[in-house]
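Engineer: Quick one: the structure is below, questions incoming.
The structure is reproduced here in structure tokens:
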């Protein structure tokens, strides 16, 4: 790690970590963006304290707003995201770039226990979900090594009520209802109490046993569970960002129904979703404003200085 590295990339208050909803575009997101009046101003590969960072695309929308786009949550080909370096690099870039509103999209399976035809409120494939909360089965990165945010718990603590900014969820809901020539089967807002189980971004999907466990957990707490891609909500809060997250349900969790999820996913990713998701994201980035009525900043709570003094002092450099 090289803590002396200075950020040399573009800056903007808004950013998107274009993820699985736009995978079918490959590296052609900028081509679709151009048809919607957006100009790609530059393509960058900033250095970070943790090594060469992911690709950063710098855009200007038709109304003049600039924003950044980092493809697929900052993941890089042949680099294991479970080692956390990709999230460290990505959030260091976003933090140094001055990003305050971060948009993230995900897809994957529903583990809702309500799967009969009569279950109108169930979370099903084809639905758009704006989750209320999240679960995680891995140790998420919660700080940025080598910076003042590496371990800030004695100075400030991230309270994870409302991990996904409610006003931005409402902005996403409103925009989803105005998509041209496309309608989601159903839109589940935060009031539906859906829980995102952060998928372990490795080389396989969840097992049948895991999905059955999530199904049973959801039934027990009265909050349906979906699995899917997402960055660390804690790290976003620690970095001072409002996190907007949307999820397109692609399939049922592994083994809950007889469908082959790869067939469903490939069709969704390659045919149905890419242009819709890109249009959705671009419109949100053009129109959204930084919220002033949420608790995202308030929920990063300062703590008494005695807490830090209770730890051993840092090594003097």
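Residue numbers (my numbering): 16 to 332. All C-beta atoms in this analysis are idealised placements derived from N, C-alpha and C, irrespective of residue type, glycine included. These numbers were taken from a predicted model, which means no experiment stands behind them.
Suppose the cutoff is 6 Å on Cβ atoms and the five residues either side in sequence are ignored; what does the same chain contact list for residue 164 look like?
Structural biologist: Answer for residue 164: 158, 253, listed in chain order.
Engineer: Under the three-state reduction of DSSP, which class applies to residue 135: helix, strand or coil?
Structural biologist: Looking at residue 135 - three-state DSSP - the assignment turns out to be coil, as it is neither helix nor strand.
Engineer: What's the gap between the Cα of residue 141 and the Cα of residue 24?
Structural biologist: Going by the C-alpha atoms only, they are around 37 Å apart.
Engineer: Pick out whichever of 272, 60, 304, 326 has its Cα sitting closest to the Cα of residue 70.
Structural biologist: Ranking the options by Cα distance to residue 70, first place goes to 60.
Engineer: Check the DSSP bridge columns for residue 171 and list the partner residues they point to.
Structural biologist: Looking at the DSSP assignment, residue 171 forms a beta bridge with 317.
Engineer: Taking buried to mean at least 16 other C-beta atoms within 10 Å of its own C-beta, is residue 212 buried or exposed?
Structural biologist: Its Cβ being crowded by 16 or more others within 10 Å, residue 212 is buried.
Engineer: Please classify residue 163: does DSSP put it in a helix, a strand, or coil?
Structural biologist: Correct three-state label for residue 163: coil.
Engineer: Check whether the segment 216 to 230 and the segment 62 to 81 touch, using three or more Cβ-Cβ pairs below 8 Å as the test.
Structural biologist: Result no; under three Cβ-Cβ pairs closer than 8 Å.
Engineer: Would you call the segment 142 to 154 and the segment 274 to 285 in contact, with 3 or more CB pairs under 8 Å?
Structural biologist: The segment 142 to 154, when compared against the segment 274 to 285, does not touch it at the 8 Å Cβ threshold.
Engineer: Under 8 Å, with one C-beta from each stretch per pair, do the segment 188 to 196 and the segment 121 to 140 reach the 3-pair mark?
Structural biologist: Contact fails: fewer than three Cβ-Cβ distances are below 8 Å.
Engineer: Grab me the residues of residue 243's own chain with a C-beta within less than 7 Å of its C-beta, minus the 5 sequence neighbours each way, in chain order.
Structural biologist: Within the same chain, residue 243 has close Cβ partners 121, 122, 123, 211, 214, 262.
Engineer: Going by other Cβ atoms of all chains shown within 10 Å of its Cβ, with 16 needed for buried, is residue 307 buried or exposed?
Structural biologist: The residue is exposed, with fewer than 16 neighbouring Cβ atoms inside 10 Å.
Engineer: For residue 112 versus residue 127, is the C-beta distance shorter than 7 Å?
Structural biologist: For residue 112 and residue 127, no; Cβs fall outside 7 Å.
Engineer: Which stretch, first to last residue, makes up the beta strand (DSSP E) that contains residue 72?
Structural biologist: That run of the beta strand (DSSP E) goes 71 to 75.
Engineer: Using three-state DSSP, classify residue 84 as helix, strand or coil.
Structural biologist: Strand at residue 84.
Engineer: Count the C-beta pairs between the segment 29 to 48 and the segment 286 to 300 that are closer than 8 Å, then say yes if the count reaches three, no if not.
Structural biologist: Counting Cβ pairs under 8 Å, three or more are found: they touch.
Engineer: Is it right to say residue 19 is buried, meaning 16 or more other beta carbons lie within 10 angstroms of its own, or is it exposed?
Structural biologist: Residue 19 comes out exposed.
Engineer: Of all the options 53, 17, 42, 26, which has the alpha carbon lying nearest to the alpha carbon of residue 296?
Structural biologist: Considering only alpha carbons, the answer is 53.
Engineer: Going by C-alpha to C-alpha distance, which of 256, 143, 264, 268 sits closest to residue 28?
Structural biologist: Cα-wise, what sits closest to residue 28 is 256.
Engineer: Give the secondary structure of residue 214 by DSSP, where H, G and I count as helix, E and B as strand, and everything else as coil.
Structural biologist: In the structure shown, residue 214 sits in coil (DSSP, three-state: anything other than H, G, I, E or B).
Engineer: Looking at the unbroken beta strand (DSSP E) that takes in residue 267, where does it start and where does it end?
Structural biologist: 257 to 267 is the extent of the beta strand (DSSP E) around residue 267.
Engineer: In whole angstroms, give me the CA-to-CA distance for residue 147 and residue 86.
Structural biologist: Spanning the two alpha carbons is a distance of roughly 25 Å.
Engineer: Grouping DSSP H, G and I as helix and E and B as strand, with all else coil, what is residue 336?
Structural biologist: Within the shown structure, residues of the chain are numbered from 16 to 332, placing residue 336 beyond reach of any answer.
Engineer: Can you tell me the Cα-Cα spacing of residue 170 and residue 74, whole angstroms?
Structural biologist: In a straight line, the C-alpha of residue 170 is about 35 Å away from that of residue 74.
Engineer: Kindly identify the DSSP beta-bridge partner or partners of residue 143.
Structural biologist: 202, 263, per the DSSP bridge assignment.
Engineer: Under the rule that 16 or more other beta-carbon atoms within 10 Å means buried, what is residue 174, buried or exposed?
Structural biologist: Exposed: under 16 other Cβ atoms inside 10 Å.
Engineer: Helix, strand or coil for residue 291? Go by DSSP, reduced to three states.
Structural biologist: Reduced to three states, the DSSP call for residue 291 is helix.
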